[in-house]
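For our numbering, add 3 to where a residue sits in the sequence shown, where the first one is 1. Below is one structure, written out as structure tokens; comments come after it.
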Amino acid sequence: MTDPSDLSPTSKSGTQGVGVTIDGPLGPAHAAVIAALHEQCFDDPWAPTAVARLLSMSGSFALIACVERFPAGFLLCQAVAGEAEILTLGVPPRHRRSGLGRALLRRGLALAAAQDARRMVLEVATDNAAARALYTTCGFTTVGQRRRYYNAAGGASTDALILACALVPQSGDG
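In structure tokens:
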């Protein structure tokens, strides 16, 4: 397993671009790195213990995108009983619009399909236009809505859209 303090470009995945790699699937040992990235991306950060607990659950996996050996984005998923869910995906502001989110998402879709998931689901805030556009271009469609799902600053709340996409079965399934 890759040491979270030294996520090198030669670790578990192929290069996505010059100096960019996607490392994973990763487990609980990487919780601190993922939690630190989560804090850079969201107003309500997850504690390392919460991330470690999620990653210790059956079917859970994480990916970390690195730019020049430094963590620059993450994906946390769980695949169980033929369905996968993106629990959280984040790229800190200084690395956004670089293709890291798309690379993480595509790798996560492939890993979920390899775990026999036939569908990937997620929730996204209705006001997160950039994330909604990313998911749409990667084949996700709206299948539902959760009212007042996300807490916003000042006590307000934001609805979530439930998105899903069919996963392509991995070759060799018979």
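Yeah, the Cβ is synthetic: ideal placement off N, Cα and C, and Gly gets one too. Predicted model only: the values in this text are computed from it and were never measured.
*Tell me whether Asp47 is buried or exposed, calling it buried when 16 or more other Cβ atoms sit within 10 Å of its Cβ.*
exposed
*Look up Val124 in the DSSP assignment and give the residues it is bridged to.*
Glu88, Ala167
*asked:* Between which two residues does the beta strand (DSSP E) holding Gln81 run?
replied: 73–83
*asked:* Please state whether the Cβ-Cβ distance between Leu125 and Leu107 is less than 8 Å.
replied: no
*Mind the definition here: the region 61–76 touches the region 24–36 only if three or more C-beta pairs lie below 8 Å; say whether that holds.*
yes
*At which residues does the beta strand (DSSP E) containing Val23 begin and terminate?*
23–29
*Ends of the beta strand (DSSP E) at Ala68?*
63–70
*Is Cys168 buried or exposed, if buried means 16 or more other CB atoms sit within 10 Å of its CB?*
buried
*asked:* Judging by CA-CA distance, which residue of Gln173, Cys80, Leu103 is the nearest neighbour of Thr24?
replied: Leu103
*Does the Cβ-Cβ distance between Val146 and Leu166 come in under 8 Å?*
yes
*When you compare only the Cα positions, how much space is there between Val94 and Glu42?*
10 Å
*Under the three-state DSSP convention, the category Gln148 falls into*: strand
*Within its chain, find whatever has a CB closer than 6 Å to the CB of Ile89; leave out the 5 residues flanking it on each side and keep chain order.*
Cys80, Leu125
*Could you check what DSSP says for Thr129 in three-state terms: helix, strand or coil?*
coil
_Spatial neighbours of Gly85 within its chain, please: C-beta separation below 7 Å, excluding the five flanking residues on both sides._
Asp119, Ala120, Arg121
_Using only CA atoms, which one of Ala115, Leu40, Glu71, Ala55 lies nearest to Gln173?_
Ala115
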